[in-house]
Amino acid sequence: MFLSILLSGLALLGSAACFILSGSGLTEGPLCLYNSTLNHNKVQQWGYPFLEMDYHVFNNGAQNYLYDPSLWNSVCIKPQNIVGWNVYFFSSLLVISTVEMILAALQIINGCFGCVCGLCEQKK
15 MFLSILLSGL ALLGSAACFI LSGSGLTEGP LCLYNSTLNH NKVQQWGYPF LEMDYHVFNN
75 GAQNYLYDPS LWNSVCIKPQ NIVGWNVYFF SSLLVISTVE MILAALQIIN GCFGCVCGLC
135 EQKK
């Protein structure tokens, strides 16, 4: 049972890391080719356009590109539909890692009860 607790703790640590990295992937947005202005010249460059974007660009007054889907296909030139893919991928990773954290925590609790109460059984 003690090994089960240790391995579940490792699973909890891994799922927490996945949760944090997925959250940062959602907030930063995808790496893509986009139009920008450099020294009053329009250039195309690879980068994270949603990190560098001003808040007045958003149509609905949102503070994040996630709440303005009209920008998803208009900002990134290449790869096509990368913003939607990025949002769906990291959102699903967030949900999966949340479920994994819950299951790992339940397994840790189960292992603790097994360690404490497992000794209470009398062997015949």
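Convert by adding 14 to the 1-based position in the sequence shown; the result is the number in this note's numbering.
Note that CB positions come from ideal geometry on N, CA and C, so glycine has one too.
One Cα belongs to Tyr81, the other to Thr41, and the distance between them is close to 11 Å. Residue nearest to Ser106 within the set Gly39, Leu47 and Ala25 is Gly39 (criterion: CA-CA distance).
Residue pairing by DSSP leaves Trp99 without any beta bridge partner. Each of Glu66, Leu117 and Ile123 was checked against the Cα of Ala25, and the nearest Cα belongs to Leu117. When DSSP reads this structure, Gln58 sits in a beta bridge with Asn49.
Of Val101, Asn78, Phe127 and Phe33, the smallest CA-CA separation from Val113 is found for Phe33. In the DSSP assignment, Gly132 falls outside any alpha helix (DSSP H), carrying neither H nor E. In this structure, Gly37 keeps its C-beta atom at 8 Å or more from the C-beta atom of Leu120. CA-CA distance, Gln59 to Ile110, rounds to 33 Å.
If you ignore the 5 residues before and after Phe64, its C-beta comes within less than 6 Å of the C-beta of Gly43 and Tyr79, all in its own chain and listed in chain order. Setting aside the 5 residues that flank it on each side, Leu47 is surrounded in the same chain by Gln58, Trp60, Ile91 and Lys92, each with a C-beta closer than 6 Å to its C-beta; the list follows chain order. Taking the Cα positions, Phe127 is about 39 Å away from Val101.
In summary, Gly132 is exposed, with fewer than 16 beta-carbon neighbours lying within 10 Å of its beta-carbon over all protein chains present.
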